[in-house]
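Notes to accompany the following structure.
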Amino acid sequence: MEFIGTIVTHIYTSRAQLPVQGAAVAVTQKAPGGKHVLLALRTSDESGKTAPIAIPTPAPAAGQAPGAEQPFALCDVWCEAPSFAVKLLENVQVFPNVQTLLEIELIPLPEQTPPLSMTAPVEITPQNL
């Protein structure tokens, strides 16, 4: 893998898309054996966005023949902020030479809820290319 794609996250809450400043975003990839390898940690700014995260991807020509390699890299994105439930997005697809914008809505926790409460993981199904 010698090509790069990028991920930028926009963290917000409510349908009004109010930005969440100071949210921690971790990007991981599953290694053989199922363990997660940390690729990057970022913190959202006042607009709720993170700096771009570079992800190694397959060559753009990958996946053009039947049975060939997937033309994208897969990663998982974890997001948490104080007073919000932790959000996990699984199997995020990152394509070579493309910036992926992830819109992540965080759900506020009710008062007196343990701080590491988590919403159900969001699994992103692969594109049928």
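Residue numbers (my numbering): 46 to 174.
Yeah, the Cβ is synthetic: ideal placement off N, Cα and C, and Gly gets one too.
If you're wondering where the values come from, they're calculated on a predicted model, not measured in any experiment.
With distances taken Cα to Cα, identify the nearest neighbour of residue 87 among 75, 55, 71, 79.
Comparing Cα positions, the closest option is 71.
Do you know offhand how far residue 79's Cα is from residue 73's?
Those two C-alpha atoms are separated by around 11 Å.
Run the CB neighbour count on residue 125, radius 10 Å, all protein chains shown included, and call it buried at 16 or more, exposed below.
Around the Cβ of residue 125, a 10 Å sphere holds 16 or more other Cβ atoms; the residue is buried.
Taking just the CA atoms, how far does residue 153 sit from residue 53?
So the two alpha carbons sit approximately 22 Å from each other.
Do the CB positions of residue 141 and residue 105 come within less than 7 Å of each other?
Going by C-beta atoms, residue 141 is nearer than 7 Å to residue 105.
I believe residue 137 touches residue 151 by the beta-carbon criterion, under 8 Å. Please report the beta-carbon distance rounded to the nearest angstrom.
The beta-carbon separation of residue 137 and residue 151, rounded to 16 Å, does not stay under the 8 Å limit for a contact.
Can you tell me which of 170, 155, 135, 63 puts its alpha carbon nearest to the alpha carbon of residue 90?
Ranking 170, 155, 135, 63 by Cα distance to residue 90 puts 63 first.
Report the residue from 130, 148, 92 whose alpha carbon sits nearest the alpha carbon of residue 156.
The shortest CA-to-CA distance from residue 156 to any of 130, 148, 92 is the one to 130.
Residues in its own chain within less than 8 Å of residue 82 by CB, not counting five upstream and five downstream?
Excluding sequence neighbours, residue 82 sits near 73, 74, 75, 76.
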